[in-house]
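Reading through the structure tokens given below for one structure.
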Amino acid sequence: MSTEVEAQIDQSLATLRAAFSPRFEAAAGAGGEPALREENAKILGKKGELTAILKQMGTVPGDARKRIGEKVNLLKQEVEARFEALIKTLAASKRDAELNALPFDLTLPGRAPTPRGHRHPVSSVREEVLDIFASLGFAVHDGPEIELKENNFTRLGFPPDHPATDMQDTFWTTSGTLLRTHTSNVQVRAMMSQKPPMAFVAPGAVYRRDDDVTHSPMFHQIEGFVVDEKVTFAELKGTLAEFAERLYGPGTPIRMRPSYFPFVEPGAEVDIGCVFCIQPSGTRRGCSVCKRTGWIEILGCGMIHPVVFEHCGIDPERYTGFAFGMGVERVAMLRYGIPDIRLLFENDPRFLSQF
Ligand code: DAH
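Oh and the sequence shown: position 296 is 292 in the working numbering, straight run, nothing missing.
Listed below in structure tokens is the structure:
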């Protein structure tokens, strides 16, 4: 009796062993993961076929029961392993299908990186000028672009309604302040807030009602000033001569022409020997940039006026000082032969990429 049952169970196990794998594949193929899980439950579930076989074992005696138990367990493991493997295969092909359905092609080569940016010519000129003065012992001083008229004009010796005030054609705000017309306001602020000795350069944006090929309503200046006991005009000239050679090359000459600014006495404009028409012999032929003179104006300067010292609380009997101011765009235009200042503000990459 027991051998009969055992043979019967053996038979059932053999049938199931032959069938489970094709059944799983058919289910997965037809209904995917849900169908596969359902098929798995039909075999291994509480009411599954293998579970039913397991239950029959109760009727076989100990000896045979052990043998059958081992066989059942073995088959159970095979079924489980096959089920897990198929689940993995299904997940993998599901992912493949998703990737293939993406609206872009992952196999396309990457896009070439866009060209690297670089410093704007106005920025590089500013850095270069500041570096030169830093190496000569000047520190950098900041100042505001929105300023009181006292700091922009009055304390610098511009009398109210002075033609120079008018000449500079100022942008006034509604609250009675103005957009600074030059960086000379930083001289006032530095001298009012600290004691000599001092040597500063002050870069920044300035504003004037001006707009043509060489003038822009916003441009940049660099101011420089030194205040101490016994500062001389010779030191001013020596400083600017050194600056010219460092910026424009060894041997670049400067000349000073008397000029008027309300905040300096004496005042001067400084020219450098034209860098465009210099000949191998060192002479200058004259060209359109220097207007046939062989000289190009680069900055204004002078000895700080005693009245400015008084207005800023510095003793003019004890201290002297020099000051100068230059336009950064102007230096850049001369350096690179740029004919129109507006090119420097339009930021057209076709223009900027040339520097
Ligand atoms: N502030 C003058 C301008 O805007 C430039 C200048 C001239 C600055 C003479 C100075 C100076 O410090 O001494 O045109």
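Backbone N, C-alpha and C fix where the C-beta goes; we use that ideal spot for every residue, glycine too.
None of the values given here were measured: they were computed from a predicted structure.
* If you drop the 5 nearest sequence neighbours on each side, which residues of the same chain put their C-beta closer than 8 Å to that of VAL209? -> PRO335, ASP336, ILE337 and ARG338
* Asked: So is the beta-carbon of CYS297 under 7 Å away from any non-hydrogen atom of the ligand DAH?
  -> yes
* Do you know offhand how far GLU35's Cα is from ILE83's? -> Separation of GLU35 and ILE83 (C-alpha to C-alpha, rounded to the nearest whole angstrom) is 12 Å.
* In chain order, which continuous runs of the alpha helix (DSSP H) of length 4 or greater are located wholly inside the stretch 182 to 252? -> 229 to 244
* Taking only the alpha-carbon atoms, compute the straight-line gap between MET(-3) and LYS72 and give it to the nearest angstrom. => Residue placement at MET(-3) cannot be trusted, given a pLDDT of 47 that sits under 50; what the coordinates show is reported in the next sentence. Taking the straight line joining both Cα atoms gives about 26 Å.
* Spatial neighbours of LEU98 in its chain, beta-carbon cut-off 8 Å, leaving aside the 5 residues before and after -> none
* To do: Could you have a look at ALA319 and say whether DSSP puts it in helix, strand or coil?
  => strand
* **beta-carbon VAL260 near the ligand DAH non-hydrogen atom, thresh 7 Å** => yes
* Asked: Under a three-way DSSP split, which group does SER255 fall into?
  -> strand
* Asked: The alpha helix (DSSP H) spanning MET360 covers which residue range?
  -> The chain is shown only over -3 to 351; residue 360 falls outside these bounds and no answer can be derived.
* Find the nearest neighbour of PHE305 within the set VAL222, THR169 and ALA14, judged by alpha-carbon distance. => VAL222
* Cβ neighbour criterion (16 or more within 10 Å) applied to LEU243 -> buried
* Asked: Excluding the five sequence neighbours on either side, which residues of its own chain have a C-beta within less than 6 Å of the C-beta of GLU238, listed in chain order?
  -> none
* Compare the Cα-Cα distances from LEU70 to each of ARG13, PHE215 and SER120 and report the closest residue. => ARG13
* To do: Look at the alpha carbon of ARG331 and the alpha carbon of GLN190, and state the distance between them as a whole number of angstroms.
  => 36 Å
* For ALA319, the nearest candidate out of ALA60, PHE154, MET53 and GLY296 (CA to CA) -> GLY296
* Asked: In whole angstroms, what is the alpha-carbon distance linking ARG122 and PHE154?
  -> When rounded, the distance between both Cα atoms is 28 Å.
* Following the continuous beta strand (DSSP E) through PRO262, name the residue where it begins and the one where it ends. => 260 to 269
* Tell me, please, whether the stretch 128 to 136 touches the stretch 184 to 204 by the rule of three or more beta-carbon pairs shorter than 8 Å. => yes
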